[in-house]
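Student: Residue numbers (the working numbering), protein chains in the order written: chain A, 3 to 337; chain B, 2 to 222.
Note that beta-carbon positions come from the ideal geometry of N, C-alpha and C, so glycine has one too.
If you scroll down you'll find the structure; I have some questions about it.
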Amino acid sequence: MIVFDQVQKSYQVDGRAIPALHPTDMTIETGEVFGIVGHSGAGKSTLVRLINLLEPPTGGDILIDGENITRYNAAELRAFRRKVGMIFQHFNLLSSKTVSDNIAFPMKLAGIYSKAEIRDRVQELLARVSLTDHATKYPSQLSGGQKQRVGIARALACRPTILLCDEATSALDPQTTQSVLRLLAEINKELGLTIVLITHEMDVVRRVCDRVAVMDAGRVVEMGAVSDVFLHPKHPTTRDFVFESESIDSEEMQEDLQKANGRILRLTFKGEATYQPLLGSVARASGVDFSILSGRIDHIKDTPYGQLTLSLIGGDLELAMSALEGADVHVEVVR
Amino acid sequence: MEALLSNVDWPEIGIASWDTLVMVGMSLLFSVLAGLPIGVLLFLTGKRQLLEQPVAYAVLSFVVNVLRSVPFIILLIVMIPFTVMLIGTSLGVAGAIPPLVAGGAPFFARLVETSLREVDRGIIEATQAMGANVRQIIFGALLPEALPGIIAGITVTAITLVSYAAMSGVIGGGGLGDLAIRFGYQRFQTDVMVITVALLVIFVQVLQMAGDRLVLYFSRK
Chain A
3 MIVFDQVQKS YQVDGRAIPA LHPTDMTIET GEVFGIVGHS GAGKSTLVRL
53 INLLEPPTGG DILIDGENIT RYNAAELRAF RRKVGMIFQH FNLLSSKTVS
103 DNIAFPMKLA GIYSKAEIRD RVQELLARVS LTDHATKYPS QLSGGQKQRV
153 GIARALACRP TILLCDEATS ALDPQTTQSV LRLLAEINKE LGLTIVLITH
203 EMDVVRRVCD RVAVMDAGRV VEMGAVSDVF LHPKHPTTRD FVFESESIDS
253 EEMQEDLQKA NGRILRLTFK GEATYQPLLG SVARASGVDF SILSGRIDHI
303 KDTPYGQLTL SLIGGDLELA MSALEGADVH VEVVR
Chain B
2 MEALLSNVDW PEIGIASWDT LVMVGMSLLF SVLAGLPIGV LLFLTGKRQL
52 LEQPVAYAVL SFVVNVLRSV PFIILLIVMI PFTVMLIGTS LGVAGAIPPL
102 VAGGAPFFAR LVETSLREVD RGIIEATQAM GANVRQIIFG ALLPEALPGI
152 IAGITVTAIT LVSYAAMSGV IGGGGLGDLA IRFGYQRFQT DVMVITVALL
202 VIFVQVLQMA GDRLVLYFSR K
């Protein structure tokens with residue numbers, strides 16, 4: 003468990019303290035995939051680097067499994083960092099070392115593994131990230147996705163309990179992003195390690211994260227389960243991110259709604275309700291007519307969900323709404 | 002041919018070539034041995050680096066700049082008392098090596114500093130995140146990553162030392178430069194001059210080619 007207790011960070015620029023992270027309280031549970039979204043400059047890079055103290059905080063305490071890591075001396079800090087893997091947007095592999103040597107590097111640095119242990123572990127990791135055939139290649143000979151998988155293997159070498167991902171998929175194309183995210187989800191499940199992932203793409207959060215924190219100007223402005231934050235965003239920044247990820251232009255949407263008649267509702271279906279033939283039966287029972295203004299069906303991690311924006315005309319509106327709510331559908335009156 | 006090169010004493014040329022080789026080789030060795038740690042220190046103590054030390058950096062940088070800004074011909078003369086103290090003579094092949102190192106080491110140190118700066122900061126960060134200490138970052142990541150640049154720097158330093166070594170002929174340093182000055186210049190033996198220059202050109206060409214090959218071999222980018 004990672005606990006932030008009033009953690010803050012500011013940088014000294016020309017004698018003035020510029021805050022990068024305002025005092026923040028946060029808890030990341032063991033074994034969860036925790037996402038941090040925000041625009042560039044929102045402070046998410048700083049936040050993730052506080053967890054392995056690449057950036058020391060200027061105030062507050064960081065507790066990891068009950069230990070206050072801000073009190074560690076240099077040697078304790080180095081030992082602690084071996085238990086926290088990290089992957090990067092630009093991979094940061096050593097260009098002078100082969101794939102195998104890159105993966106072995108953290109184990110060699112640790113100085114506590116025998117040659118045979120290192121060799122076996124490298125083989126095992128190469129297989130896990132499906133790069134066995136590329137063991138003797140140099141990073142420059144690999145594609146972006148392959149490089150990131152080397153990064154992941156390297157981060158896992160010393161069997162960490164936490165994996166930090168710094169925009170790990172931002173330099174990759176959509177397909178490669180998918181396969182890297184699948185790999186992350188897989189190792190989270192199989193190894194039970196906690197993953198903290200920062201990104202500016204809400205889609206990445208939707209695919210792999212359990213919980214998410216949204217950052218804006220050095221503050222966490224919204225935090226919660228991905229399905230809650232994603233389906234019912236409260237803060238304007240969060241809304242921007244959700245709309246952006248669905249390529250919804252909020253102004254255009256407002257214009258469309260202007261043209262529609264009647265009462266406008268946004269319905270959110272989650273889990274099993276997504277597959278129920280609900281609208282037709284509710285319409286028949288209540289005598290309302292509806293037209294669909296927008297809609298989508300997708301998954302949040304493994305949970306299916308649907309979201310529909312309807313305009314309803316005529317019939318018994320109250321009855322329709324209570325019938326929908328009764329069927330476990332979240333109803334939001336837009337107008 | 003014989004008539005054209007009537008003044009050329011081939012055994013003498015051979016000895017002079019060997020002397021130049023020894024001067025360049027020895028001074029390159031010591032320049033690298035001294036310049037590499039200085040370059041690494043310059044890099045590490047620089048702004049926003051691992052061991053940021055403004056005072057140490059300023060002092061080191063100043064010494065390097067002073068040595069680099071003195072024209073080598075002056076450095077040769079200024080160094081004479083130190084050279085005599087160090088090895089007993091300021092003449093001959095041995096006498097030329099201390100001033101050559103004094104000129105070559107700071108030059109190479111700057112080249113090392115530059116090539117270390119070209120190493121992606123992300124690689125240093127990643128190595129730190131693995132729990133590496135400063136020594137491990139230097140020897141495990143920085144130097145291997147900067148190796149092609151450092152080899153290119155050694156090549157440039159070697160070539161600079163060839164011309165410095167030729168200059169040392171002025172103060173009685175021996176080698177091809179000495180030959181060129183004593184015979185080619187002072188006795189107007191143009192044929193000797195042509196031969197020494199040709200040999201120096203070949204020497205530099207061979208060094209550059211060898212250096213380029215090594216850089217290519219160690220480049221994985």
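Three-state secondary structure (DSSP) at B/I100?
Tutor: By one-based count along the second sequence, residue 100 of chain B stands at place 99. Looking at the sequence provided, one finds Pro at residue 100 of chain B rather than Ile. B/P100: helix per DSSP, three-state reduction.
Student: List the residues of chain B whose Cβ lies closer than 7 Å to the Cβ of A/M225, in chain order.
Tutor: Locating residue 225 of chain A in the first sequence gives position 223, counting from the first residue. Going along chain B, no residue has its Cβ under 7 Å from A/M225, so there is no contact; the nearest lies around 25 Å.
Student: Would you mind sorting A/S116 into buried or exposed? The rule is 16 or more other CB atoms within 10 Å of its CB.
Tutor: By 1-based counting over the first sequence, the position of residue 116 of chain A is 114. The residue in question, A/S116, is exposed, as its Cβ has fewer than 16 Cβ neighbours within 10 Å.
Student: For the alpha helix (DSSP H) that B/D20 lies in, which residues bound it at each end?
Tutor: Walking along the second sequence from the start, residue 20 of chain B turns up at place 19. Where B/D20 is concerned, the enclosing alpha helix (DSSP H) stretches over W11 to T46.
Student: Taking the continuous beta strand (DSSP E) assigned at A/F292, which residues delimit it?
Tutor: As a position in the first sequence, residue 292 of chain A is number 290, starting the count at 1. Note, A/F292: beta strand (DSSP E), D291 to I302.
Student: Anything in chain A within Cβ reach of B/P38, meaning under 8 Å, just list it in chain order.
Tutor: Along the second sequence, read from residue 1 onward, the residue named residue 38 of chain B stands at position 37. In chain order: nothing, as chain A lies at least about 20 Å away.
Student: State the start and end residues of the unbroken beta strand (DSSP E) segment that holds B/P72.
Tutor: Your numbering for residue 72 of chain B matches position 71 in the second sequence. No beta strand (DSSP E) holds B/P72; DSSP gives it neither H nor E.
Student: What first and last residue would you give for the alpha helix (DSSP H) that runs through B/R214?
Tutor: For this step, residue 214 of chain B is matched to residue 213 along the second sequence. Start and end: T191 to F219.
Student: With a 10 Å radius around its C-beta and 16 neighbouring C-beta atoms as the bar for buried, classify B/Y218 as buried or exposed.
Tutor: Taking the first residue of the second sequence as 1, we reach residue 218 of chain B at position 217. Exposed, by the Cβ-count rule.
Student: Strictly under 8 Å for the Cβ-Cβ distance: is A/L56 near chain B by that measure?
Tutor: Residue mapping note: residue 56 of chain A aligns to position 54 of the first sequence, counting from 1. It does; some Cβ of chain B falls within 8 Å.
Student: Under the three-state reduction of DSSP, which class applies to A/S98: helix, strand or coil?
Tutor: Indexing the first sequence from 1 puts residue 98 of chain A at position 96. Three-state result, A/S98: coil.
Student: I need the straight-line Cα distance from A/H301 to A/P59, nearest angstrom please.
Tutor: Within the first sequence, residue 301 of chain A is the residue found at index 299, counting from 1. Within the first sequence, residue 59 of chain A is the residue found at index 57, counting from 1. Distance between the alpha carbons of A/H301 and A/P59 is about 37 Å.
Student: Of all Cβ atoms in chain B, is any one closer than 8 Å to the Cβ of A/R209?
Tutor: As a first step, residue 209 of chain A must be located in the first sequence, where it is residue number 207. Cβ-Cβ to chain B under 8 Å: no for A/R209.
Student: Taking Cβ positions only, does A/A81 come closer than 8 Å to chain E?
Tutor: Among the protein chains in the structure shown, which are A and B, there is no chain E.
Student: So if DSSP puts A/D211 in a beta bridge, which residue, or which two residues, is it bridged to?
Tutor: As a working note, residue 211 of chain A is residue 209 in the first sequence. First, the amino acid is wrong: residue 211 of chain A is Cys here, not Asp. None; A/C211 has no bridge partner.
Student: In the DSSP output, what is A/K272 paired with across the bridge?
Tutor: Here the question's residue 272 of chain A lines up with position 270 in the first sequence. A/Y307, per the DSSP bridge assignment.
Student: Hey, could you find the ends of the beta strand (DSSP E) A/Q91 is sitting in?
Tutor: Taking the first residue of the first sequence as 1, we reach residue 91 of chain A at position 89. Looking at the DSSP string, A/Q91 is not in any beta strand (DSSP E), and its letter there is neither H nor E.
Student: Beta-carbon separation of B/G123 and A/H202 under 8 Å?
Tutor: Walking along the second sequence from the start, residue 123 of chain B turns up at place 122. Walking along the first sequence from the start, residue 202 of chain A turns up at place 200. Their beta carbons are not under 8 Å apart, which means B/G123 does not touch A/H202 by this criterion.
Student: Are the C-beta of A/L133 and some C-beta of chain B separated by less than 8 Å?
Tutor: To locate residue 133 of chain A, count along the first sequence from 1; it is residue 131. No, A/L133 lies away from the interface with chain B (no Cβ there is under 8 Å from its Cβ).
Student: Listing by chain order, which chain A residues have their CB less than 9 Å from the CB of B/N134?
Tutor: What you label residue 134 of chain B is simply residue 133 of the second sequence in a count that begins at 1. The contacting residues are A76, A77, R80 and L111.
Student: What residues from chain B crowd round A/H202, counting only those whose CB sits closer than 8 Å?
Tutor: Taking the first sequence and counting its residues from 1, one reaches residue 202 of chain A at position 200. Near A/H202 there are no residues of chain B at all, since even the closest Cβ is about 18 Å away, more than 8 Å.
Student: Are the C-beta of B/L52 and some C-beta of chain A separated by less than 8 Å?
Tutor: Position 51 of the second sequence, counted from the start, is the residue given in the question as residue 52 of chain B. Judged by the 8 Å Cβ criterion, B/L52 is not in contact with chain A.
Student: Could you name the residues of the same chain whose beta carbon sits closer than 8 Å to that of B/E146, not counting the 5 residues immediately before and after it, in chain order?
Tutor: The residue labelled residue 146 of chain B in the question sits at position 145 within the second sequence. For B/E146, where only same-chain residues beyond five positions count, the Cβ hits under 8 Å are V120, D121 and I124.
Student: Using a Cβ-Cβ cut-off of 8 Å, state whether B/A130 counts as contacting chain A.
Tutor: As a first step, residue 130 of chain B must be located in the second sequence, where it is residue number 129. So yes, B/A130 belongs to the interface.
Student: Do you know offhand how far A/R208's Cα is from A/F271's?
Tutor: By one-based count along the first sequence, residue 208 of chain A stands at place 206. By one-based count along the first sequence, residue 271 of chain A stands at place 269. So the alpha carbons of these two residues sit roughly 16 Å apart.
Student: Quick one: what does DSSP say A/N70 is sitting in, helix, strand or coil?
Tutor: Within the first sequence, residue 70 of chain A is the residue found at index 68, counting from 1. A/N70: strand per DSSP, three-state reduction.
Student: Whose C-beta lies closer than 8 Å to the C-beta of A/V223 among residues of the same chain, with five residues either side of it excluded?
Tutor: Here residue 223 of chain A is taken as the residue at index 221 of the first sequence, counted from 1. Closer than 8 Å at Cβ, skipping near neighbours: V216, M217, H237, T239 and T240.
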